[in-house]
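Below: the structure, in structure tokens.
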Amino acid sequence: MRPGLSLVIVGLISTLGTGCASAPTVLGGPAPFPGAPRGPIEAVSPGAAALASDVLATALAQRGAPYRLGGSEPQGGFDCSGLVQYAFARHQVSLPRTVAQQYRTGQAVKRNEVQRGDLVFFGPAGRSPTHVGIVIDAGTFVHAPDSGAVVRVERLDADYWKRRFSGAKRVI
Numbered sequence: 008m009r010p011g012l013s014l015v016i017v018g019l020i021s022t023l024g025t026g027c028a029s030a031p032t033v034l035g036g037p038a039p040f041p042g043a044p045r046g047p048i049e050a051v052s053p054g055a056a057a058l059a060s061d062v063l064a065t066a067l068a069q070r071g072a073p074y075r076l077g078g079s080e081p082q083g084g085f086d087c088s089g090l091v092q093y094a095f096a097r098h099q100v101s102l103p104r105t106v107a108q109q110y111r112t113g114q115a116v117k118r119n120e121v122q123r124g125d126l127v128f129f130g131p132a133g134r135s136p137t138h139v140g141i142v143i144d145a146g147t148f149v150h151a152p153d154s155g156a157v158v159r160v161e162r163l164d165a166d167y168w169k170r171r172f173s174g175a176k177r178v179i
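Positions in the sequence shown are counted from 1; adding 7 to them yields our numbering.
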């Protein structure tokens with residue numbers, strides 16, 4: 008076995024074994040879509056609000072789709088980061104594939120300042136996030152939860168999610 012290959016294999020195994028974290032792809036965030044602003048878009052921007060609504064309509068249309076590890080399409084099902092990537096891609100917003108990569112994208116947002124279309128991340132306390140969803144409003148988000156479940160809407164203030172909240176990012 009080539010040196011370093013065993014580290015790659017261990018990384019793949021550990022990623023596949025964590026909640027809905029997707030299999031890793033090429034590292035490095037993709038370039039934003041043509042004409043995208045480099046900084047965060049203010050909440051008052053009509054363009055950002057309309058784009059967030061369109062992305063959410065796409066994500067919400069997937070409610071009931073089955074969870075599938077590595078899934079990123081309606082026909083086969085979604086994992087959490089696959090749903091996020093799919094919903095944004097349908098509106099020309101390119102996001103990386105895995106939870107870890109998505110967490111490194113965008114502008115950090117305080118929990119009490121999340122807006123429609125922001126990404127919310129969850130994981131064990133003190134560890135990197137292993138789960139992501141898209142904010143619908145200050146109280147709810149849409150996500151692909153875990154094996155045996157389907158894409159659904161949940162409350163951000165539910166005890167389970169409050170205890171696991173890792174951060175939020177604004178990507179539009």
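Glycine residues also receive a C-beta, built at the ideal position from the N, C-alpha and C atoms.
ask   = Where does residue 144 sit, in a helix, a strand or coil, going by DSSP?
value = strand
ask   = With C-beta atoms as the reference, is residue 151 less than 9 Å away from residue 72?
value = yes
task = Please name the residue, chosen from 171, 141, 105, 56, that lies closest to residue 79 on a Cα-to-Cα basis.
result = 105
task = For residue 81, name the three-state secondary structure that DSSP assigns.
result = coil
message = On the criterion of 16 or more Cβ atoms from any shown chain inside 10 Å, does residue 160 qualify as buried, or is it exposed?
response = exposed
inquiry  = Can you tell me whether residue 175 is buried or exposed? The criterion is at least 16 other CB atoms within 10 Å of its CB, across all chains shown.
reply    = buried
key: Limits of the beta strand (DSSP E) - the one that residue 170 falls within   = Premise fails: residue 170 lies in the alpha helix (DSSP H), 166-171, not in any beta strand (DSSP E).
query = Where do the ends of the alpha helix (DSSP H) carrying residue 106 lie?
reply = 106-110
Integer Cβ distance of residue 123 from residue 149, believed to fall under 8 Å = Residue 123 to residue 149, Cβ: 11 Å. No contact.
request  = Tell whether a beta-carbon distance below 9 Å holds between residue 121 and residue 67.
outcome  = no
ask   = Roughly how many whole angstroms lie between the Cα atoms of residue 95 and residue 59?
value = 9 Å
query = Exposed or buried, which one is residue 136 when buried takes at least 16 other CB atoms within 10 Å?
reply = buried
task = Using alpha carbons as the reference points, say which of 86, 172, 69, 88 lies closest to residue 131.
result = 172
Assigned secondary structure, residue 118 (DSSP; H/G/I helix, E/B strand, else coil) = helix
request  = Would you give the residue range spanned by the alpha helix (DSSP H) that residue 91 belongs to?
outcome  = 87-96
ask   = Considering only the beta carbon of each residue, do residue 91 and residue 179 sit closer than 9 Å?
value = no
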